[in-house]
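A.B. asks:
Number of protein chains: 2
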Amino acid sequence: MSTIISVDTSDIRFPTSQQLDGSDAMNPDPDYSAAYVRIATDADDDLEGHGLVFTIGRGNDVQTAAIRALAPRLIGRDVEELLADMGGVWREFVWDSQLRWLGPEKGVMHMAIGAVVNALWDLKAKRAELPLWRLLAQMTPEEIVDLVDFRYLSDALTRDEALEMLRAAQPGRADREAQLLANGYPAYTTTPGWLGYSDEKLDRLCREAVADGFTQIKLKVGGDLDDDIRRLKIARDAVGPDIRIAVDANQRWDVADAIEWMAHLAPFDIAWIEEPTSPDDVLAHAAIARGVAPIPVATGEHGGGRVMFKQMLQAEALSVLQIDATRVAGINENIAILLLAAKFGVRVCPHAGGVGLCEAVQHLSMFDFVAVSGTVEGRMIEYVNHLHEHFVIPTEVSNGVYHAPSAPGNGMEMHAASRAEYEFRG
Amino acid sequence: MSTIISVDTSDIRFPTSQQLDGSDAMNPDPDYSAAYVRIATDADDDLEGHGLVFTIGRGNDVQTAAIRALAPRLIGRDVEELLADMGGVWREFVWDSQLRWLGPEKGVMHMAIGAVVNALWDLKAKRAELPLWRLLAQMTPEEIVDLVDFRYLSDALTRDEALEMLRAAQPGRADREAQLLANGYPAYTTTPGWLGYSDEKLDRLCREAVADGFTQIKLKVGGDLDDDIRRLKIARDAVGPDIRIAVDANQRWDVADAIEWMAHLAPFDIAWIEEPTSPDDVLAHAAIARGVAPIPVATGEHGGGRVMFKQMLQAEALSVLQIDATRVAGINENIAILLLAAKFGVRVCPHAGGVGLCEAVQHLSMFDFVAVSGTVEGRMIEYVNHLHEHFVIPTEVSNGVYHAPSAPGNGMEMHAASRAEYEFRG
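Quick look at the structure:
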């Protein structure tokens, strides 16, 4: 038996706004940041669980304070007991009645719970000497559904239905794991498309993306229509007709704006329109989806939790579902969302980039392929070539695919030197 | 000209869990708390702006930290300029791109913005020597719509439509203000209905409520069906057939549970069923509303913001809209919600109780009656007889009505002695 002896947090901020990396129509000058947590035990294995919440600068201190507020619930706890019942851990935190008031199940406190839950998953995977995707993909259907809280989901997905889907996917797991290891998981790149880049840089990065083997790129839009048309022309000319181009409005529009704006961009053959409006607006997304058809609507990086995703699916408000590694309450809730997407037959193309999001979210897509949806058709994980050097297990992306990580853990562990160098001191 | 010289926060907690005051099916042991903010200026009038966020205990420190994170934006600012453009103030905070990432527009950071916005409204009302309801009710329709951000609302309500409604209500303002001052604003009481109370206490408090002039009471339900039936029988016997009894499940159910449970409670003549399920689940509320008709569905105390209320109205998911004084980003956003409710012809019955919620939210209902909806039909403000003694301008409720406050301010100012006595020290 071992116990948790410390829960340390760090407020880590990278000065990305200096290069306009990450600039879009709503976020002109983000400083990519992480509210970081490290859970240590008294076991003699030296293993720690690491987790984080990605933010874009100001307020990272508030997010860190929220994680710190959870520490008293962890210190002194029996590690084996916690790790043996990760579904119970999720419920213990999410259903703490007093903390729940601060959301419920959304915003700063919900993301803080996600960081802690993910740090425990990191520790569990390291103890099992497995990358997280493989740890999850080796669990039985029964163990997987035990991770998920089906409260509020039963009008769309019951525990029994989830179990049935997971059991149906079981026979093909070994084959798909072999395919994953051989071929990797498809990626697309947002590297060329930030709003703050010059036309020349856009053109150059588009050509580099194709040369690097990507078959889809993404451009930020929604600042100025004439600029968007000019930039899309540059991008389309650079990549040719066979590469898909998605666009991302980062919540910029109301319903009518979105439909009108997209009518102007449609001639450039748009792979999807992402975050056209408020991420909480299921009915607006549904109206936009009808209005811009056949262009698919994508959303989810700010999706507050499983209840919002359930409604987006029920209302046919999206046809590309974008999970995010640190927006919801951790791995468990993202598994609930993957199960919902599988039930509705909607493809999942995770949001990534930021700080450590690529490193983290690939585990979920790979688990999904092996054990849940069983397919990569139309699916791909976002990729942005920023800040990977700070991670102990950096993503390996080449020829347009993510290569499955083999090192143990959830991928979120940052080098101690990076944490020290970018620690924010106000 | 004067400038803001300090923004002080306090973590104030009342040990209400000792009496089971406030206990319901989701919140067995709340410690009613306030993340409190005081804004001081260098003007020689000694006036301060006070605001708060109501929480139920753990995490109040996180909420206080979030308010504190906003202070640097306020210190040194020109007070007259801020108070002259409260719509601009709202947008400045809500559209801060980096802080926005932490919601967006929901949870801890959004409520923190609400506390600051409300503290500025308090200062503005005190400088005008008016209670907030009257300050708002004296603004022109143009000034009122300038307070509101119509982004994401235009598919349901445009600025022009809001302006038209406010202009149509203008001629009757003086009459209705006189009515309000003469008759007060209807109240209902939740005092009898907490789950943790004994049957004897329930019976006694129900009878007291009727004796005190209330025409509606509310009971918590959703813990155990047999208990609910027994308690409703006690309550109905105590109050007789003419007093309305609403019930509140505090998010306890999934869709099917809610419909089935309410079928068992319907014989007791239920005034409304409140928060039957997740507050973010528009589609589930709509399904429940169809399933429990003609019992009205009420929700809103955890409504994340104007986008959620807009959808609840569009989907006919509620027929009683419950604003809350500290859940959204302050007075401005609640005005947006009041305008939406008026557009859809839905009655507003605010959530109150907690710490200072009665004191604060009455201003919104009174403003709504005088200048927006122009009616009190079917409308009433929740009342709970807790903790009022800690406020400088405590609510005056008698004969089942709130009496309109005449003292300047937003009602949130707590006595310095109370703040000192209940300051939480970990």
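Protein chains in written order, with the working numbering: chain A, 600 to 1025; chain B, 600 to 1025.
Beta carbons are placed, not taken as given, at the ideal position from N, Cα and C, and that holds for glycine.
The structure displayed is predicted, hence computed values, not measured ones.
Could you spell out where the beta strand (DSSP E) holding B:F749 opens and where it closes?
C.D. replies: Taken as a continuous stretch (DSSP letters only), B:F749 belongs to no beta strand (DSSP E), as it is neither H nor E.
A.B. asks: How many Å lie between B:A862 and A:R750 at the Cα?
C.D. replies: Answer to the nearest angstrom: the Cα atoms are 20 Å apart.
A.B. asks: State the DSSP-derived secondary structure class of A:F653, mapped to helix, strand or coil.
C.D. replies: Strand, per DSSP.
A.B. asks: At least one CB of chain A closer than 8 Å to the CB of B:V960: is that the case?
C.D. replies: Taking Cβ atoms only, chain A never reaches closer than 8 Å to B:V960, which makes this a no.
A.B. asks: Could you pull the start and end residues of the beta strand (DSSP E) that A:R637 belongs to?
C.D. replies: Segment 632-640, the beta strand (DSSP E) holding A:R637.
A.B. asks: Closer than 9 Å by beta-carbon distance: list the chain A residues that pair up with B:K705, in chain order.
C.D. replies: Simply G702, K705, G706, D879, G903.
A.B. asks: Relative to the alpha-carbon of A:A768, which residue among A:L673, A:A941, A:D827 has its alpha-carbon at the smallest distance?
C.D. replies: Per the Cα distances, A:A941.
A.B. asks: DSSP on A:G903, reduced to helix/strand/coil?
C.D. replies: It is coil, neither helix nor strand.
A.B. asks: Below 8 Å on the Cβ atoms is my guess for A:L669 versus A:K723; work out the distance and round it to an integer in Å.
C.D. replies: Not quite, the Cβ-Cβ distance comes to about 17 Å (not below 8 Å), so this is no contact.
A.B. asks: From the beta carbon of A:R775, is the nearest beta carbon of chain B less than 8 Å away?
C.D. replies: No, A:R775 lies away from the interface with chain B (no Cβ there is under 8 Å from its Cβ).
A.B. asks: Extract the residue ranges of the beta strand (DSSP E) inside the segment 809-860 of chain A, only unbroken runs of 3 or more that lie entirely within it.
C.D. replies: If we require 3 residues or more, the beta strand (DSSP E) runs fully inside the segment 809-860 of chain A come out as 815-819, 843-847.
A.B. asks: Measure the C-alpha to C-alpha separation of B:I828 and B:L864 and round it to an integer number of angstroms.
C.D. replies: Cα-Cα distance, rounded: 7 Å.
A.B. asks: Report the option in B:H950, B:V945, B:A837 whose CA atom is closest to the CA atom of B:S972.
C.D. replies: Checking every option, the nearest Cα to that of B:S972 belongs to B:V945.
A.B. asks: Interface residues of chain A around B:G1039 at Cβ under 9 Å?
C.D. replies: This structure gives no information on residue 1039 of chain B, because the portion of chain B shown stretches from 600 to 1025.
A.B. asks: Report all residues from its chain with a CB closer than 7 Å to the CB of A:G675; omit the five preceding and five following residues, and keep chain order.
C.D. replies: Here the set comprises T602, I603.
A.B. asks: Pick out whichever of B:Q618, B:P614, B:D607 has its Cα sitting closest to the Cα of B:R637.
C.D. replies: Cα-wise, what sits closest to B:R637 is B:D607.
A.B. asks: Would you mind telling me which residues of chain A sit closer than 8 Å to B:H709, beta carbon to beta carbon, in chain order?
C.D. replies: Neighbours of B:H709 on chain A, chain order: G706.
A.B. asks: Considering just the uninterrupted stretch of the beta strand (DSSP E) at B:D607, what are its terminal residues?
C.D. replies: B:D607 -> beta strand (DSSP E) spans 603-612.
A.B. asks: Output, in chain order, the set of chain A residues within a Cβ distance shorter than 8 Å of B:L651.
C.D. replies: The premise fails here: B:L651 is roughly 14 Å from chain A at the closest Cβ pair, so nothing lies under 8 Å.
A.B. asks: Could you check the C-alpha separation between A:V820 and A:H950 for me, to the nearest Å?
C.D. replies: Going from the Cα of A:V820 to the Cα of A:H950 covers about 16 Å.
A.B. asks: Show which residues of chain B have a CB atom less than 7 Å away from the CB atom of A:R1024.
C.D. replies: The premise fails here: A:R1024 is roughly 15 Å from chain B at the closest Cβ pair, so nothing lies under 7 Å.
A.B. asks: Closest by CA to A:Q961, which one among A:G1008, A:R1018, A:L917?
C.D. replies: Checked all of A:G1008, A:R1018, A:L917; the closest Cα to A:Q961 is A:G1008.
A.B. asks: Relative to the C-alpha of B:E958, which candidate in B:E1012, B:L938, B:N998, B:D967 has its C-alpha closest?
C.D. replies: The shortest C-alpha separation from B:E958 is found at B:E1012.
A.B. asks: Using three-state DSSP, classify A:S797 as helix, strand or coil.
C.D. replies: Coil, per DSSP.
A.B. asks: A:P730 by DSSP, collapsed to three states: which one?
C.D. replies: Note: A:P730 maps to strand in three-state DSSP.
A.B. asks: For A:M907, would you say it is in contact with chain B, using Cβ-to-Cβ distances shorter than 8 Å as the test?
C.D. replies: Answer yes: the Cβ-Cβ gap between A:M907 and chain B drops below 8 Å somewhere.
A.B. asks: Along chain B, which residues have their Cβ under 8 Å away from the Cβ of A:L698?
C.D. replies: What A:L698 touches in chain B: R657, G658.
A.B. asks: Can A:I842 and A:T814 be called in contact, C-beta distance under 8 Å?
C.D. replies: The answer is yes: Cβ separation under 8 Å.
A.B. asks: Take B:F1023 as the anchor and find which of B:P627, B:S605, B:Y631, B:D623 has the nearest alpha-carbon.
C.D. replies: Nearest option by C-alpha distance: B:Y631.
A.B. asks: So is A:T640 in contact with chain B if we call contact Cβ pairs under 8 Å?
C.D. replies: Cβ-Cβ to chain B under 8 Å: no for A:T640.
A.B. asks: Compute the Euclidean distance between the alpha carbons of B:R1018 and B:L756, then round it to the nearest angstrom.
C.D. replies: B:R1018 and B:L756: Cα-Cα distance of roughly 41 Å.
A.B. asks: Per DSSP, what kind of secondary structure is A:M1013 in: helix, strand or coil?
C.D. replies: Strand.
A.B. asks: Grouping DSSP H, G and I as helix and E and B as strand, with all else coil, what is B:R758?
C.D. replies: Reduced to three states, the DSSP call for B:R758 is helix.
A.B. asks: Can you tell me which of A:A777, A:E859, A:A808 puts its alpha carbon nearest to the alpha carbon of A:Y787?
C.D. replies: Among A:A777, A:E859, A:A808, the Cα nearest to that of A:Y787 is on A:A808.
A.B. asks: By DSSP, does B:A916 sit in helix, in strand, or in coil?
C.D. replies: Note: B:A916 maps to coil in three-state DSSP.
A.B. asks: With DSSP as the reference, label B:R926 as helix, strand or coil.
C.D. replies: Looking at B:R926 - three-state DSSP - the assignment turns out to be coil, as it is neither helix nor strand.
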